[in-house]
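My numbering applies: residue 917 is where the sequence shown begins, and numbers increase by one.
Input: a single structure, listed below in structure tokens.
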Amino acid sequence: MQRSNLNKYLGVIGGGQLGKMIGLAAANLGIKSCFYDPDPDAPAKNISTLFFNEKYDNKIKLLEFANKCDFITYEFENIPMDCLKAVRKQKKIYPGIKALQISQDRHLEKSFITNLGIKVVKYANIKNFYDIENFLKKNTKKGILKTRKLGYDGKGQVRIELSNLQKINFHIKPNNYIIEELVRFKKEISVIAIREKNGRIKTFEPSENYHKHGILRKTIFPASISKNCASKAKKIAEKIIDSLDIVGILAIEMFVLKDEDIIVNEIAPRPHNSGHWTIDGCNLSQFDVLVRTIYNMPIPKIIYKRKCKMINLLGENFNEYK
Ligand code: AMP
């Protein structure tokens, strides 16, 4: 599509921190952004010229929003599917609905990745209490029970052990949970992969991540892993992004084991907190490449300018870094 045909807005569902950074990257490329967020104080509001402060189930407003936009993207995975279906009728949604559907459900996500021949943690879908017990008996005795949907930043998950299982008062809704074995990983890393409209794939180099209580606290670049391990991680990321038909970016979180074997933990078809280092560390950030791929603009060779450390400042750890 010619740029001249595109004179509306890049629509962004969700006006939080990530949405705001997408909007800033778009502005640098001369593209206006329009945000849709039910929160009247959404951080992106103060950089948007058009802001829909509406609920995600308001189909009339969603259509109005879609009609204002050239294309639509989103800043978080847990968008109600009905909301996306409403806007999809009007405009293309990037990085993609298939990727979003898969990443919204941990069971779908893990089976999709396994079917590509890529390793994930040992896991099982849980229908009742005995499934948990059986899994722990067969595997490592320690595990993490996770909700299949709507879990993020360590929410919707609990660590469990065979020895204290009887003491825990579970109310298990069938098919709402998975259990994973507790992995003793050496490092956590992530790769941000990019796929253009012509199907060309690139990746940023892996970064190394540190979590506390399931929440990302620190990312450092470059990851202290061997060249061989970095290349393996990038190949895994390329395979996953290609198989999801994405146009845009995909963050792939991985565990590196003692022998540098890699297993994939999670994927997110959107900008990711572990990719913020690209803002200062590279000639193009994860946000720049997202907007460029959506508008079919060239993606120059990625140049790495410096080593980086990103601290995720949350209300409670703010004082540690003053
Ligand atoms: P998740 O929401 O699944 O990405 O989990 C958040 C964080 O919890 C991960 O980045 C890891 O630090 C930790 N974690 C999650 N699943 C496992 C697992 N199966 N074994 C060990 N640590 C895990």
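All residues carry an ideal CB built from backbone N, CA and C; glycine is no exception.
Item: Any non-hydrogen atom of the ligand AMP closer than 6 Å to residue 1129 Cβ; Value: no
Item: Backbone secondary structure at residue 1101 - three-state DSSP; Value: coil
Item: First through last residue of the beta strand (DSSP E) which encompasses residue 1164; Value: 1164-1172
Item: Whether residue 1096 touches residue 1039 by CB criterion (7 Å); Value: yes
Item: Inter-residue spacing [alpha-carbon to alpha-carbon] between residue 1172 and residue 946; Value: 40 Å
Item: Any 3 or more C-beta pairs closer than 8 Å across the region 933-944 and the region 954-973; Value: yes
Item: Closer than 6 Å: residue 1098 CB and nearest the ligand AMP heavy atom; Value: yes
Item: Separation of residue 1138 from residue 1224, as counted between CA atoms; Value: 7 Å
Item: C-beta contact flag for residue 1222 and residue 1191 at 7 Å; Value: no
Item: Beta-carbon proximity of residue 930 to residue 992, cut-off 7 Å; Value: yes
Item: Reduced DSSP secondary structure (H/G/I, E/B, other) of residue 929; Value: strand
Item: First through last residue of the alpha helix (DSSP H) which encompasses residue 900; Value: Residue 900 falls outside the range modelled here, since the chain spans only 917 to 1238, and no answer is possible.
Item: Under 7 Å between C-beta atoms of residue 1206 and residue 1185; Value: no
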